[in-house]
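Okay, so here's the structure we're looking at.
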Amino acid sequence: AIQTVAGAGATVAPPKKQQPKAKAEPKKQKQEDSWWPMGEGEWDGKAAEEFNQKAGEYLNKMTTDFALAAVDLRTTDEQLENIYQQLSAVRNPIGFFCAWQAGMGGNKGMAALTNGDDSLKLTAEGHKQRQEQLVRAVSKYLKENKMEQPLSAVISDPAIASIRKGAISNVAKLLREYPQHFEFKFVDNSKEDKKPIQMLRLIKAVPAGNLLKRKHEDTPLADLREALVQALADVLSDAGGSATISELGADSRVQTAKAPLKDEKLIKFLGTYPEVFSIDSEKESIPRASLLVAPTAAVATASVGAKLEADAAAKEVARAAKAIKTA
Numbered sequence: 001a002i003q004t005v006a007g008a009g010a011t012v013a014p015p016k017k018q019q020p021k022a023k024a025e026p027k028k029q030k031q032e033d034s035w036w037p038m039g040e041g042e043w044d045g046k047a048a049e050e051f052n053q054k055a056g057e058y059l060n061k062m063t064t065d066f067a068l069a070a071v072d073l074r075t076t077d078e079q080l081e082n083i084y085q086q087l088s089a090v091r092n093p094i095g096f097f098c099a100w101q102a103g104m105g106g107n108k109g110m111a112a113l114t115n116g117d118d119s120l121k122l123t124a125e126g127h128k129q130r131q132e133q134l135v136r137a138v139s140k141y142l143k144e145n146k147m148e149q150p151l152s153a154v155i156s157d158p159a160i161a162s163i164r165k166g167a168i169s170n171v172a173k174l175l176r177e178y179p180q181h182f183e184f185k186f187v188d189n190s191k192e193d194k195k196p197i198q199m200l201r202l203i204k205a206v207p208a209g210n211l212l213k214r215k216h217e218d219t220p221l222a223d224l225r226e227a228l229v230q231a232l233a234d235v236l237s238d239a240g241g242s243a244t245i246s247e248l249g250a251d252s253r254v255q256t257a258k259a260p261l262k263d264e265k266l267i268k269f270l271g272t273y274p275e276v277f278s279i280d281s282e283k284e285s286i287p288r289a290s291l292l293v294a295p296t297a298a299v300a301t302a303s304v305g306a307k308l309e310a311d312a313a314a315k316e317v318a319r320a321a322k323a324i325k326t327a
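Just so it is clear: in the sequence shown, position 168 is 168 by full-length UniProt numbering, and no numbers are missing.
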């Protein structure tokens, strides 16, 4: 309305009432601040909180387990590698979340992802079938993903994690028993001060058919030991003739050749062939192995077959002597 101002004869419009400013919507917390791999717009706050809490709990538990196992000299190399693989899987946010989305939420699901759920008991035949399923699943996964992927990404795949649950603790060890299909190698990490990444490559797809036979199942023991002698000789030659025992054990060629000789310790194995390898194990130093012959002459010099025959004869003599003593 128009109002008249007294004594002036002029008319002016009254001042407009100021509308209260609309409250600005609080900025959404960036989901990058949480352990969330998939981007914005698809994540419920409550679910995110639960997910981050459970992931953190399991990561903390696995880190503690690994540290305790590493300082315990009773822990075998195989057990330590297994715990490390499980820790790597938990540290992979995408793999961890995919397993969560696939129905593995909660404590039971997190245990399943790290193979902590031992409630599933399998027969020997069932265990063998599960191993075959895993080998085929890994072959399929690699075939669909450029034939090569980091090992941590492979074992974090929901389908593979589900198959190995309660049955297969060490995926890498199983796959190394199929060198005709899978190859392991390390590549440099693009991030500074980060360890090399262990990659898994599919050489050729696993064929359809009956249960797979491992390459070593029908291979004579002498041939298996000769293969390990040759692998050790090749690795030492590439390293300039000398390397630590741990460096030898970390090489994929040695790991593949050693896979069928499950209970064989590398340092003991090397000591069996003093004509080929020497071991420097002075006090307060890390044991190192050196190659004494050309790598092409390692197998012939080792005389693996003759040593096995001699060992068998010695055991037979000892057994006979024990039988006479107890008679």
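Where is the CB? At the ideal position from N, CA and C, for every residue including glycine.
A check of alpha carbon separations from T296 across A233, D263, P260 identifies A233 as the nearest. Within the DSSP bridge table, the entry for A289 names A243, I279 as partners. The DSSP-derived three-state label of I197 is strand.
When DSSP reads this structure, V187 sits in a beta bridge with I197. Non-local beta-carbon contacts of I286 in its own chain, meaning distances under 6 angstroms to residues more than five positions away in sequence, involve T244 in chain order. Contact check for G249 and L291: beta-carbon distance about 16 angstroms, past the 8 angstroms limit, so the pair fails to qualify. When rounded, the separation of the alpha-carbon atoms in P260 and K204 is 21 angstroms. Assigned with DSSP and collapsed to three states, P207 falls in coil, not helix or strand.
A Cβ-Cβ separation of about 7 angstroms places K185 in contact with R201 under the 8 angstroms criterion. Taking a C-beta distance under 7 angstroms as the contact criterion, E226 and V135 do not qualify as a contact pair. Here Q131 really is in contact with I168; their C-beta atoms are around 6 angstroms apart, less than 8 angstroms. Ranked by how close their Cα comes to the Cα of T256, the residues I267, F182, T326, E49 have F182 in first place. Counting C-beta atoms within 10 angstroms of its own C-beta, E177 has 16 or more neighbours from the protein chains shown and is therefore classed as buried. In the DSSP assignment, E264 falls outside any beta strand (DSSP E), carrying neither H nor E.
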